[in-house]
């Protein structure tokens with residue numbers, strides 16, 4: 009067993025399973041149903057997208073209230089709640105017989121999947137590990153490429169042979185019979201009175217409450233950098249077809265380039281955790297944004313056939329680095345006692361950003377703004393958010409950890 013999870017392997021794999029299970033509510037899985045749902049309920053692209061965005065935004069608001077539950081409840085109870093809500097979302101979609109039923113279905117999937125399960129996994133990795141927090145968060149983040157590799161492909165095959173409703177029934181069965189028992193067992197007694205590890209008790213001092221975090225100017229200097237990768241990645245991937253059309257890239261080239269994106273994301277996770285543990289999350293976050301900035305410059309100025317392979321690989325690398333750094337940033341900076349409440353703010357902000365970015369970039373494309381201009385705009389925003397992190401001073405929590 010790797011040394012960095014030897015102190016509590018069950019909770020490390022709990023975080024991994026929870027993040028992977030979030031895939032049932034992520035856009036990369038739900039997107040495979042778009043054509044079938046629009047045809048089934050006679051929906052336009054605009055109406056379908058508006059309903060999905062509305063459900064996503066509502067899920068962000070609810071997450072702000074539900075996120076702190078992980079600070080107060082035993083972890084196994086939180087896991088039961090999140091998984092049952094995700095199962096309810098799958099069943100709502102499976103038995104939807106009118107267009108309005110898609111709204112509660114989308115809400116449950118986005119809240120329980122993209123929001124709550126990700127929040128639960130990353131909070132667990134950040135709270136119960138201190139010395140090797142970056143490595144454990146990187147391990148948990150492996151759940152994303154695992155889900156990306158398995159769910160869309162499997163779901164598409166089942167849709168072709170059994171129809172789209174069967175996929176949601178199968179998803180509910182997997183969650184009920186495999187994911188829920190696994191999370192319940194892996195959670196153990198975490199979150200119960202006196203269950204916090206000795207290591208965590210020794211190192212986590214000067215804990216911040218959510219109210220204190222919201223009064224900290226450094227939080228607002230760091231949050232844009234933490235949100236920049238999901239904002240850019242969602243915008244770029246959502247409008248990849250329009251980008252390819254303007255650049256003259258074929259669908260076959262684009263499909264091959266996404267292999268590079270997945271490989272870059274996966275391989276970079278094996279190094280991202282060590283970097284965060286060595287130099288700290290706050291220092292590594294602006295460095296992790298450099299591949300994203302480079303990718304956007306390449307997209308802005310190069311239309312060669314090989315460009316999508318390189319820029320999507322760089323985006324995958326940047327996603328791994330920033331995801332690991334931002335996941336470790338809040339427990340490093342503010343402690344772990346109120347980590348669920350604190351992370352719910354950043355997680356809800358992330359959901360907002362992923363709902364807004366496709367709309368904003370879509371409006372620019374509709375008004376004739378070129379891919380070059382959009383890429384430079386996004387690249388400038390990434391660079392600004394990276395430089396902004398340098399103005400955030402260390403908290404007593406970080407200073408104490410450095411002294412130890």
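In the working numbering, the protein residues as written are 9 to 412. Don't be surprised by glycine CBs; every beta carbon is placed ideally from N, CA and C.
By the three-class DSSP mapping on this structure, what secondary structure does residue 152 have?
helix
Report yes or no: is there a C-beta of chain D within less than 8 Å of the C-beta of residue 98?
Protein chains in the displayed structure number just one, and chain D is not present.
On a CA-only basis, which of 118, 143 and 267 is nearest residue 331? Give me that one, please.
143
Could you tell me if residue 267 is buried or exposed, where buried requires 16 or more neighbouring beta carbons within 10 angstroms of its beta carbon?
exposed
Taking residue 316 as the reference, which of 79, 218 and 270 has the closest Cα?
270
Range of the contiguous alpha helix (DSSP H) that encloses residue 22:
17–29
DSSP state of residue 299, grouped into three classes?
helix
Find the nearest neighbour of residue 101 within the set 371, 349, 276 and 117, judged by alpha-carbon distance.
117
With 16 as the cutoff for other CB atoms within 10 Å, does residue 405 come out buried or exposed?
buried
Distance check for residue 170 and residue 154, CA to CA, integer angstroms please.
24 Å
Using the C-alpha atoms, what's the distance from residue 221 back to residue 228?
9 Å
Proximity winner among 65, 285 and 286, relative to residue 367 (alpha-carbon distances)
65
Assumed close pair residue 390, residue 304 - CB separation to whole angstroms, cut-off 8 Å:
7 Å
Nearest-angstrom Cα distance between residue 311 and residue 403?
44 Å
Reference residue 362; option with closest CA among 115, 240 and 325:
240
Excluding the 5 residues flanking residue 207 on each side, which residues of the same chain have their C-beta closer than 6 Å to its C-beta?
For residue 207, the predicted model reports a pLDDT of 43, less than 50, meaning its position is unreliable and no value from the coordinates is stated.
What is the rounded straight-line gap between the Cα of residue 324 and the Cα of residue 334?
15 Å
Just mark residue 345 as buried or exposed, buried being the case when its beta carbon has 16 or more other beta carbons within 10 Å.
buried
So for residue 289, helix, strand or coil by DSSP?
helix
Is the region 111–127 in contact with the region 230–246, if contact means three or more CB pairs nearer than 8 Å?
no
Does residue 397 come out as helix, strand or coil in the three-state DSSP assignment?
helix
Given a threshold of 16 other Cβ atoms within 10 Å of its Cβ, counted over all protein chains shown, does residue 18 qualify as buried or as exposed?
exposed
Around the Cβ of residue 399, are there at least 16 other Cβ atoms within 10 angstroms (buried) or fewer (exposed)?
exposed
On a Cα-Cα basis, can you pick out the residue from 12, 127 and 364 that is closest to residue 151?
127
Using DSSP with H/G/I as helix, E/B as strand and the rest coil, what is residue 197?
coil
contact_flag[the region 182–198, the region 23–32] where n(CB pairs < 8 Å) is 3 or more
yes
Restricting to Cα atoms, I'd like to know which of 237, 354 and 372 is closest to residue 328.
237
Whole alpha helix (DSSP H) elements within the region 207–253, 4-residue minimum:
218–222 and 225–246
Cutting at 8 Å between CB atoms, please list the residues of its own chain near residue 382, excluding the five before and the five after it.
369, 372 and 373
Just checking my contact of residue 62 with residue 172 at CB under 8 Å: how many whole Å lie between their CB atoms?
Actually they do not touch by this definition, with Cβ atoms about 21 Å apart.
Go to residue 63, then tell me how far its alpha helix (DSSP H) extends in each direction, as first and last residue.
53–74
Quick check: residue 160 and residue 37, are their CB atoms within less than 8 Å of each other?
yes
How would you write the range of the alpha helix (DSSP H) that residue 115 sits in, first residue to last?
110–117
DSSP state of residue 106, grouped into three classes?
coil
Would you mind sorting residue 210 into buried or exposed? The rule is 16 or more other CB atoms within 10 Å of its CB.
Caution is warranted here: a pLDDT of 46 is assigned to residue 210, below 50, making its placement in the model unreliable, and the coordinate value is therefore given only provisionally. Its Cβ having fewer than 16 others within 10 Å, residue 210 is exposed.
Nearest candidate by alpha-carbon position, reference residue 386, set 264, 235, 318 and 352:
235
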